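Asks: Below is one structure. I have some questions about it.
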Amino acid sequence: MMLLRDVTLLLVALAMFVILDGVWLGVLMRRFYRQQLAPIARMSSGRLAPLWPIAALVYLSLALGVLALVVPRAAGVAAAGARWGALLGLVVYGFYNFTNYATLAAWTGAMTLVDIAWGIVACGAVASAVTAVDGWIR
């Protein structure tokens, strides 16, 4: 039963990360990210063209981080999941963005702050939902 629970939570986390990031990157902030990343990004016909298998590994890593580091601490309480998830987002997105800002000349302060804020929100939201689902199926 534990395996089914873990697979269910992993699928919920993966789906949420993909949907939230799709709306954020592809709709709400599309212009911002395209302008910020155009000098250094993989582009095709004026659009971001990521390596999708590698992007899938990013989402899998984030989902596993939520399951391994947040869900056990949150103990079925969605608000606790949101807090721990937000902290995970700050650490992961902060590490990524501050490293890029420190080492890539084209990486901007605006990109750093916006993307870290997004990581906090996205990881907090996903972790809250996954924690709630965990509480329901326990």
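First residue of the sequence shown: 422, per my numbering; consecutive thereafter. Cβ coordinates follow ideal geometry from the N, Cα and C atoms, glycine included. Computed from a predicted model, the values in this text were never measured in an experiment.
Taking one C-beta from the segment 481-494 and one from the segment 429-436 each time, how about it: are there three or more such pairs within less than 8 angstroms?
Replies: With contact defined as three or more Cβ pairs closer than 8 angstroms, the segment 481-494 and the segment 429-436 are in contact.
Asks: Alpha carbons only, please: which of P493, A538 and G443 is nearest the one belonging to R559?
Replies: Mapped onto the sequence shown, residue 559 falls at position 138. Ranking the options by Cα distance to R559, first place goes to P493.
Asks: So, are the CB atoms of G510 and G545 less than 9 angstroms apart?
Replies: To locate residue 510, count along the sequence shown from 1; it is residue 89. To locate residue 545, count along the sequence shown from 1; it is residue 124. In contact: G510 and G545 (Cβ atoms closer than 9 angstroms).
Asks: Are A434 and V547 closer than 9 angstroms when you measure CB to CB?
Replies: Taking the sequence shown and counting its residues from 1, one reaches residue 434 at position 13. Taking the sequence shown and counting its residues from 1, one reaches residue 547 at position 126. Yes, the Cβ-Cβ distance between A434 and V547 is below 9 angstroms.
Asks: Taking the C-alpha atoms as reference points, what is the distance between T520 and Q456?
Replies: In the sequence shown, the residue the question calls residue 520 occupies position 99. In the sequence shown, the residue the question calls residue 456 occupies position 35. One C-alpha to the other measures close to 20 angstroms.
Asks: Can the beta-carbon of A527 be found less than 9 angstroms from the beta-carbon of L441?
Replies: Reading the sequence shown from its first residue, position 106 is the one you call residue 527. Reading the sequence shown from its first residue, position 20 is the one you call residue 441. No, these two residues do not count as a Cβ contact at 9 angstroms.
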